[in-house]
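Student:
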Amino acid sequence: MESTALFKTSHAKFADEFKAFCAKFPEDAQNTMQLFYESVKHNNISRISFVYERDAAGNHVLLEMRSTEQRDMDMNMDVLGPYPSASDAPCNVLISDVKPEDLPFKISKALGKDYLSEMATRSGSVHGIVCNTKEDKLRVLVSLPVCMRGKSVATHFIFDTGAPKTYLALSVLQALGGPEVSLPNEVVKVNGVKALVTVSDSAKVCYTNGNGDTIELPCHFVGLNILGMDFLDRAGIDLRINMKNNTATFIFPS
1148 MESTALFKTS
1158 HAKFADEFKA
1168 FCAKFPEDAQ
1178 NTMQLFYESV
1188 KHNNISRISF
1198 VYERDAAGNH
1208 VLLEMRSTEQ
1218 RDMDMNMDVL
1228 GPYPSASDAP
1238 CNVLISDVKP
1248 EDLPFKISKA
1258 LGKDYLSEMA
1268 TRSGSVHGIV
1278 CNTKEDKLRV
1288 LVSLPVCMRG
1298 KSVATHFIFD
1308 TGAPKTYLAL
1318 SVLQALGGPE
1328 VSLPNEVVKV
1338 NGVKALVTVS
1348 DSAKVCYTNG
1358 NGDTIELPCH
1368 FVGLNILGMD
1378 FLDRAGIDLR
1388 INMKNNTATF
1398 IFPS
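Residue numbers (the numbering used here): 1148 to 1401.
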(Lines of atoms letter the chains of each structure in order from A and count residues from 1; the text may use other names and numbers.)
(Lines give C-alpha, C1' and ligand atoms only; values in the text may rest on other atoms or scores of the structure.)
Protein backbone atom coordinates (compact mmCIF):
# COMPACT_ATOMS: atom_id res chain seq x y z
CA MET A 1 0.00 0.00 0.00
CA GLU A 2 1.27 3.45 -0.92
CA SER A 3 1.87 6.05 1.77
CA THR A 4 2.77 9.74 1.55
CA ALA A 5 5.03 11.68 3.92
CA LEU A 6 4.59 15.48 3.78
CA PHE A 7 7.17 17.90 5.16
CA LYS A 8 6.94 21.66 5.71
CA THR A 9 10.41 23.02 4.98
CA SER A 10 9.78 26.01 7.25
CA HIS A 11 9.01 23.82 10.27
CA ALA A 12 11.46 24.22 13.14
CA LYS A 13 12.07 20.46 13.35
CA PHE A 14 12.14 19.88 9.59
CA ALA A 15 15.85 19.01 9.36
CA ASP A 16 15.68 16.37 12.09
CA GLU A 17 12.40 14.88 10.85
CA PHE A 18 13.62 14.76 7.25
CA LYS A 19 16.90 13.12 8.26
CA ALA A 20 15.10 10.49 10.34
CA PHE A 21 12.68 9.75 7.50
CA CYS A 22 15.46 9.40 4.92
CA ALA A 23 17.29 6.95 7.18
CA LYS A 24 14.48 4.44 6.64
CA PHE A 25 15.43 4.06 2.96
CA PRO A 26 18.39 2.40 1.18
CA GLU A 27 21.45 4.60 0.63
CA ASP A 28 20.77 5.24 -3.08
CA ALA A 29 17.24 6.43 -2.29
CA GLN A 30 18.59 8.65 0.51
CA ASN A 31 20.97 10.32 -1.96
CA THR A 32 18.13 10.90 -4.43
CA MET A 33 15.90 12.40 -1.72
CA GLN A 34 18.68 14.71 -0.56
CA LEU A 35 19.38 15.87 -4.12
CA PHE A 36 15.68 16.57 -4.58
CA TYR A 37 15.58 18.68 -1.43
CA GLU A 38 18.74 20.58 -2.42
CA SER A 39 17.18 21.39 -5.80
CA VAL A 40 14.01 22.91 -4.35
CA LYS A 41 15.16 24.67 -1.17
CA HIS A 42 16.39 27.71 -3.12
CA ASN A 43 13.08 28.12 -4.98
CA ASN A 44 10.67 29.09 -2.16
CA ILE A 45 9.28 25.58 -1.83
CA SER A 46 7.20 25.32 1.33
CA ARG A 47 6.25 21.64 1.16
CA ILE A 48 7.85 18.49 -0.16
CA SER A 49 6.32 15.05 -0.11
CA PHE A 50 7.49 11.51 -0.74
CA VAL A 51 5.31 8.65 -1.93
CA TYR A 52 6.54 5.27 -0.80
CA GLU A 53 5.53 1.71 0.00
CA ARG A 54 6.95 -1.25 1.87
CA ASP A 55 8.05 -4.41 0.12
CA ALA A 56 7.40 -7.95 1.31
CA ALA A 57 10.38 -7.73 3.67
CA GLY A 58 9.07 -4.50 5.21
CA ASN A 59 11.70 -2.28 3.58
CA HIS A 60 10.80 1.25 2.48
CA VAL A 61 10.67 1.71 -1.32
CA LEU A 62 10.62 5.24 -2.75
CA LEU A 63 8.04 5.70 -5.53
CA GLU A 64 7.74 9.42 -6.20
CA MET A 65 8.86 12.85 -4.95
CA ARG A 66 6.73 15.98 -5.21
CA SER A 67 7.08 19.66 -4.36
CA THR A 68 4.55 22.41 -3.68
CA GLU A 69 5.66 25.98 -4.24
CA GLN A 70 5.08 28.54 -1.55
CA ARG A 71 2.24 30.97 -2.29
CA ASP A 72 4.08 34.03 -1.07
CA MET A 73 1.93 37.15 -1.08
CA ASP A 74 4.93 39.41 -1.50
CA MET A 75 4.15 41.52 -4.58
CA ASN A 76 7.63 40.79 -5.88
CA MET A 77 6.65 37.14 -6.18
CA ASP A 78 4.50 35.56 -8.85
CA VAL A 79 1.16 34.70 -7.21
CA LEU A 80 -1.04 33.95 -10.19
CA GLY A 81 -2.53 30.93 -8.50
CA PRO A 82 -1.90 27.37 -7.37
CA TYR A 83 -0.07 24.98 -9.61
CA PRO A 84 -1.12 21.36 -10.03
CA SER A 85 1.04 18.49 -8.91
CA ALA A 86 3.31 17.12 -11.60
CA SER A 87 1.41 13.84 -11.38
CA ASP A 88 -2.10 15.25 -11.69
CA ALA A 89 -2.59 14.63 -15.41
CA PRO A 90 -1.06 12.45 -18.12
CA CYS A 91 0.86 14.16 -20.88
CA ASN A 92 2.25 12.02 -23.66
CA VAL A 93 1.98 13.98 -26.90
CA LEU A 94 3.55 12.27 -29.89
CA ILE A 95 6.41 14.31 -31.35
CA SER A 96 8.42 12.38 -33.90
CA ASP A 97 9.38 15.23 -36.23
CA VAL A 98 11.64 17.17 -33.82
CA LYS A 99 14.68 15.67 -32.10
CA PRO A 100 16.81 17.11 -29.26
CA GLU A 101 19.73 17.53 -31.67
CA ASP A 102 17.54 19.85 -33.80
CA LEU A 103 17.27 22.46 -31.03
CA PRO A 104 20.75 24.05 -31.33
CA PHE A 105 20.77 23.87 -35.14
CA LYS A 106 17.64 23.67 -37.28
CA ILE A 107 15.26 25.10 -34.66
CA SER A 108 17.71 27.83 -33.61
CA LYS A 109 18.06 28.90 -37.25
CA ALA A 110 14.29 28.98 -37.75
CA LEU A 111 13.75 31.06 -34.60
CA GLY A 112 16.78 33.30 -35.17
CA LYS A 113 18.10 32.70 -31.65
CA ASP A 114 20.90 30.45 -30.41
CA TYR A 115 19.68 27.71 -28.10
CA LEU A 116 20.67 28.22 -24.43
CA SER A 117 22.22 31.61 -25.15
CA GLU A 118 21.63 34.47 -22.69
CA MET A 119 18.13 35.91 -22.88
CA ALA A 120 16.33 38.54 -20.81
CA THR A 121 12.65 38.54 -19.89
CA ARG A 122 10.48 39.92 -22.70
CA SER A 123 7.43 42.06 -22.02
CA GLY A 124 4.23 42.31 -24.03
CA SER A 125 4.14 40.36 -27.28
CA VAL A 126 6.57 37.50 -27.88
CA HIS A 127 6.69 36.31 -31.47
CA GLY A 128 7.01 32.68 -32.42
CA ILE A 129 6.62 30.86 -35.71
CA VAL A 130 4.56 28.15 -37.35
CA CYS A 131 7.27 25.93 -38.77
CA ASN A 132 7.16 23.04 -41.20
CA THR A 133 9.40 20.71 -39.24
CA LYS A 134 9.06 17.65 -41.47
CA GLU A 135 7.05 17.07 -44.63
CA ASP A 136 3.46 17.93 -43.67
CA LYS A 137 4.16 18.47 -39.95
CA LEU A 138 3.48 22.01 -38.71
CA ARG A 139 4.62 23.06 -35.25
CA VAL A 140 4.24 26.25 -33.22
CA LEU A 141 7.72 27.15 -31.97
CA VAL A 142 8.73 29.97 -29.63
CA SER A 143 11.90 30.90 -27.77
CA LEU A 144 11.35 32.06 -24.20
CA PRO A 145 13.81 32.86 -21.42
CA VAL A 146 13.90 30.30 -18.63
CA CYS A 147 15.42 31.59 -15.40
CA MET A 148 16.72 29.84 -12.29
CA ARG A 149 19.37 30.79 -9.73
CA GLY A 150 19.85 34.21 -11.28
CA LYS A 151 20.68 32.88 -14.76
CA SER A 152 18.42 33.09 -17.81
CA VAL A 153 18.79 31.18 -21.09
CA ALA A 154 16.91 31.05 -24.39
CA THR A 155 14.78 27.92 -24.44
CA HIS A 156 13.11 26.73 -27.64
CA PHE A 157 9.64 25.43 -26.87
CA ILE A 158 7.19 23.41 -28.91
CA PHE A 159 3.70 24.63 -28.09
CA ASP A 160 1.07 21.90 -28.24
CA THR A 161 -2.60 22.38 -27.34
CA GLY A 162 -2.71 18.65 -26.56
CA ALA A 163 -0.10 19.03 -23.82
CA PRO A 164 -1.69 19.82 -20.44
CA LYS A 165 1.69 20.26 -18.75
CA THR A 166 4.99 22.02 -19.42
CA TYR A 167 8.22 20.05 -19.81
CA LEU A 168 11.89 21.08 -19.85
CA ALA A 169 14.89 19.15 -21.10
CA LEU A 170 17.54 18.35 -18.51
CA SER A 171 20.04 20.22 -20.72
CA VAL A 172 18.21 23.49 -19.94
CA LEU A 173 18.33 22.90 -16.19
CA GLN A 174 22.01 22.01 -16.38
CA ALA A 175 22.73 25.18 -18.37
CA LEU A 176 21.08 27.07 -15.49
CA GLY A 177 23.32 25.41 -12.94
CA GLY A 178 20.79 22.79 -11.91
CA PRO A 179 21.52 19.26 -10.67
CA GLU A 180 23.44 16.77 -12.77
CA VAL A 181 20.72 14.17 -12.31
CA SER A 182 17.19 14.21 -13.64
CA LEU A 183 14.71 15.08 -10.88
CA PRO A 184 10.93 14.71 -11.38
CA ASN A 185 10.24 18.43 -11.47
CA GLU A 186 11.71 21.86 -10.89
CA VAL A 187 10.45 25.38 -10.18
CA VAL A 188 11.72 27.93 -12.71
CA LYS A 189 10.56 31.19 -14.23
CA VAL A 190 9.48 31.15 -17.86
CA ASN A 191 9.59 34.72 -19.20
CA GLY A 192 9.19 35.98 -15.66
CA VAL A 193 6.28 33.69 -14.71
CA LYS A 194 6.95 31.08 -12.04
CA ALA A 195 6.26 27.58 -13.31
CA LEU A 196 6.49 24.04 -12.02
CA VAL A 197 7.98 22.05 -14.91
CA THR A 198 8.56 18.34 -15.36
CA VAL A 199 11.87 17.06 -16.71
CA SER A 200 11.44 15.44 -20.14
CA ASP A 201 14.57 13.28 -20.10
CA SER A 202 12.88 10.17 -18.76
CA ALA A 203 12.09 7.35 -21.18
CA LYS A 204 8.68 6.97 -19.51
CA VAL A 205 5.83 9.25 -18.57
CA CYS A 206 4.29 8.48 -15.16
CA TYR A 207 0.97 9.70 -13.85
CA THR A 208 -1.61 8.74 -11.25
CA ASN A 209 -5.07 7.72 -12.42
CA GLY A 210 -8.35 8.24 -10.61
CA ASN A 211 -7.87 5.07 -8.57
CA GLY A 212 -4.52 6.17 -7.21
CA ASP A 213 -2.59 3.75 -9.43
CA THR A 214 0.69 4.86 -11.00
CA ILE A 215 0.65 4.38 -14.78
CA GLU A 216 3.80 4.32 -16.93
CA LEU A 217 3.82 4.99 -20.68
CA PRO A 218 6.68 5.39 -23.16
CA CYS A 219 7.68 9.05 -23.52
CA HIS A 220 7.55 10.41 -27.07
CA PHE A 221 9.31 13.75 -26.44
CA VAL A 222 12.50 12.86 -24.54
CA GLY A 223 14.90 15.82 -24.35
CA LEU A 224 12.44 18.37 -25.77
CA ASN A 225 10.85 21.47 -24.27
CA ILE A 226 7.06 21.41 -24.35
CA LEU A 227 5.03 24.52 -23.57
CA GLY A 228 1.78 23.20 -22.14
CA MET A 229 -1.69 24.62 -21.67
CA ASP A 230 -1.06 24.88 -17.92
CA PHE A 231 1.48 27.65 -18.48
CA LEU A 232 -0.70 29.63 -20.88
CA ASP A 233 -3.57 29.47 -18.41
CA ARG A 234 -1.41 30.42 -15.44
CA ALA A 235 0.28 33.32 -17.20
CA GLY A 236 -2.95 34.61 -18.77
CA ILE A 237 -1.48 34.58 -22.26
CA ASP A 238 -3.44 35.78 -25.28
CA LEU A 239 -2.30 33.46 -28.09
CA ARG A 240 -2.78 34.47 -31.71
CA ILE A 241 -1.81 32.19 -34.59
CA ASN A 242 -1.72 33.53 -38.13
CA MET A 243 -1.49 30.67 -40.61
CA LYS A 244 -1.31 33.07 -43.53
CA ASN A 245 1.95 34.54 -42.25
CA ASN A 246 3.07 31.45 -40.32
CA THR A 247 3.41 33.45 -37.10
CA ALA A 248 2.36 32.82 -33.50
CA THR A 249 2.13 35.70 -31.03
CA PHE A 250 2.16 35.06 -27.28
CA ILE A 251 0.86 38.21 -25.57
CA PHE A 252 1.81 38.39 -21.90
CA PRO A 253 -0.24 40.62 -19.57
CA SER A 254 1.43 43.96 -18.92
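The beta-carbon is built from N, C-alpha and C at its ideal position, and this holds for glycine as well. Computed from a prediction, not measured in an experiment: that's the story for all the values here.
Just mark Gly1121 as buried or exposed, buried being the case when its beta carbon has 16 or more other beta carbons within 10 Å.
Tutor: Any question about residue 1121 goes unanswered here, given that the chain covers just 1148 to 1401.
Student: Does the contact criterion of 3 or more C-beta pairs under 8 Å hold for the region 1258 to 1267 versus the region 1300 to 1308?
Tutor: They touch, by the three-pair rule.
Student: Kindly say whether Phe1183, judged by its beta-carbon, lies nearer than 7 Å to any beta-carbon of chain D.
Tutor: As a matter of chain content, chain D is missing from the structure shown, which is built from one protein chain.
Student: Secondary structure at Ser1255, three-state DSSP: helix, strand or coil?
Tutor: Residue 1255 sits at position 108 when you count from the first residue of the sequence shown. DSSP places Ser1255 in helix when its eight states are reduced to three.
Student: Quick one: residues in its chain with C-beta nearer than 8 Å to the C-beta of Thr1308, no 5 flanking neighbours on either side, listed in chain order?
Tutor: Locating residue 1308 in the sequence shown gives position 161, counting from the first residue. For Thr1308, where only same-chain residues beyond five positions count, the Cβ hits under 8 Å are Met1376.
Student: Alpha helix (DSSP H) containing Phe1168: first to last residue?
Tutor: Position 21 of the sequence shown, counting from 1, holds the residue named residue 1168. First-last of the alpha helix (DSSP H) with Phe1168: Phe1161 to Cys1169.
Student: Measuring alpha carbon to alpha carbon, tell me which of His1207, Pro1311 and Arg1387 ends up nearest Phe1168.
Tutor: On the sequence shown, residue 1168 is found 21 positions in, with the first residue counted as 1. Closest by alpha carbon: His1207.
Student: DSSP puts Phe1183 in a beta bridge; with which residues?
Tutor: Looking up residue 1183 in the sequence shown gives position 36. Paired residues: none, contrary to the question.
Student: Suppose you measure from the CA of Asp1348 to the CA of Tyr1314; what does that come to, to the nearest Å?
Tutor: To locate residue 1348, count along the sequence shown from 1; it is residue 201. To locate residue 1314, count along the sequence shown from 1; it is residue 167. So the alpha carbons of these two residues sit roughly 9 Å apart.
Student: Which residues mark the beginning and the end of the beta strand (DSSP E) in which Arg1296 is found?
Tutor: The residue you call residue 1296 lines up with position 149 of the sequence shown. Looking at the DSSP string, Arg1296 is not in any beta strand (DSSP E), and its letter there is neither H nor E.
Student: Identify every residue that forms a DSSP beta bridge with His1303.
Tutor: Along the sequence shown, one-based indexing puts residue 1303 at 156. Paired residues: Ser1290.
Student: Do you know offhand how far Gly1324's Cα is from Arg1269's?
Tutor: In the sequence shown, the residue the question calls residue 1324 occupies position 177. In the sequence shown, the residue the question calls residue 1269 occupies position 122. Using only the alpha carbons, I get a separation of about 22 Å.
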